[in-house]
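In this text, residue positions in the sequence shown follow full-length UniProt numbering: the first is 1, and each later residue adds one. All C-beta atoms, glycine included, are put in the ideal place defined by N, C-alpha and C.
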Amino acid sequence: MHRRILEQPGHFGEWMQGRLGPDGPVVLVSLPFPRPVLRAWHIAGRGPLRLSGAGLTAGQARHFLQRLGCPLTGRVQMKPLVPPGQGMGVSTARLVALARLAGCAAPDAVLARACLRAEGASDPLWCAAPERILWASRLGQRLGGLPELPRYQIIGGLWGAGQPTDPTDSRFPDISDILGAWQSARTLAEYAALASESAARCVALRGPVADPTARLARNLGALGWAAAHTGSARGLIFAPGTAPHTTAAQLRAAGFRNLVAFQGGAR
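Structure below.
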């Protein structure tokens, strides 16, 4: 019996998300999460694909793979490694993992369209550096390239209730000015301030009103904070090695759970 196991990384909310102009499309800049958010097993076999776990039906999986031209038989089991609906990309990770199990070599644009058809919105989890892409999540399109980020550290977790993405929901603030400043930013402090502004605008428009993340960032001397603009993932932005040793304890005291710490950036 041939068995294959793979793990699929996700994201930890977004550096920014909002409308590109008052009536423009919803766009985002993903904050990559270097750890897997989903594990998938494939056991080879004959007959129609069978699938369990992660809220994806076998019928949905077969239709998705048909759009890619990548058939798969046997049995697939999926297990989310983080709570779904928190803004960490589990819904798209399911589809990307399925395409990988099927050995799909379709171009990124084809995979993006298939994900969009399957769930109505998508995150560019298949890209090597999603934080360098301006992504229109409801269109499944790359709208442009973005600068390479300085090295950073994120310390955060989940706060508040989950909120699965509604692909018909476009009630987000205009972030075209933030995006313009992002293109010319150079230092981590500048990027962190812009991420904080995007998160703060979203909270002001959509809630939750008691979100403590901005206050925690100030109290702990963080450069800023980032958030899942739909979901509960929240993270404080530090230069690597500068976070106070009390950071985790203060996050827990404020109601954060599932704490994480990770680094990224390339310069």
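For residue i, three-class secondary structure by DSSP
| i | result |
| --- | --- |
| residue 292 | The structure shown does not extend to residue 292, since the chain spans only 1 to 267, so no value can be given for it. |
| F256 | coil |
| Q86 | coil |
| H229 | coil |
| V209 | coil |
| W15 | strand |
| P32 | strand |
| S184 | helix |
| E148 | coil |
| R46 | coil |
| W199 | According to the sequence provided, residue 199 is Ala. The question's Trp does not apply to it. A199: helix per DSSP, three-state reduction. |
| S91 | helix |
Beta-carbon spacing of residue i, residue j below 8 Å
| i | j | result |
| --- | --- | --- |
| R201 | G18 | yes |
| A105 | T165 | no |
| H11 | L31 | yes |
| V96 | W135 | no |
| Q8 | A112 | no |
| G235 | I175 | no |
| R100 | R67 | no |
| A214 | M16 | no |
| F256 | G162 | no |
| A61 | L98 | yes |
| Q77 | G59 | no |
| L216 | A239 | no |
| A210 | G13 | no |
| L81 | P25 | no |
Integer-rounded CB distance, given that residue j should sit under 8 Å from residue i
| i | j | result |
| --- | --- | --- |
| I133 | A192 | Rounded, the Cβ-Cβ distance is 19 Å, inconsistent with contact. |
| G265 | P150 | 5 Å |
| W182 | L205 | So it is not a contact: roughly 19 Å between Cβ atoms. |
| G87 | T242 | Not a contact, Cβ separation roughly 25 Å. |
| H42 | G74 | 6 Å |
| P212 | A261 | Not confirmed; about 18 Å, so no contact. |
Burial state of residue i, where buried means 16 or more other Cβ atoms lie within 10 Å
| i | result |
| --- | --- |
| D169 | exposed |
| A233 | buried |
| G85 | buried |
| A109 | exposed |
| G55 | exposed |
Member of the options whose CA lies at the smallest distance from the CA of residue i
| i | options | result |
| --- | --- | --- |
| G221 | R206, Q250, V203, S232 | Q250 |
| V29 | S91, G47, A40, G144 | G144 |
| P124 | S137, A214, A226 | S137 |
| L179 | Y152, V76, S198, P167 | S198 |
| W159 | C115, C70, G207, I5 | G207 |
| T247 | A227, A228, R218 | R218 |
| P48 | H63, A54, A40, A253 | H63 |
| A185 | A210, F172, D108, E148 | E148 |
| E190 | A114, V203, P167, W225 | W225 |
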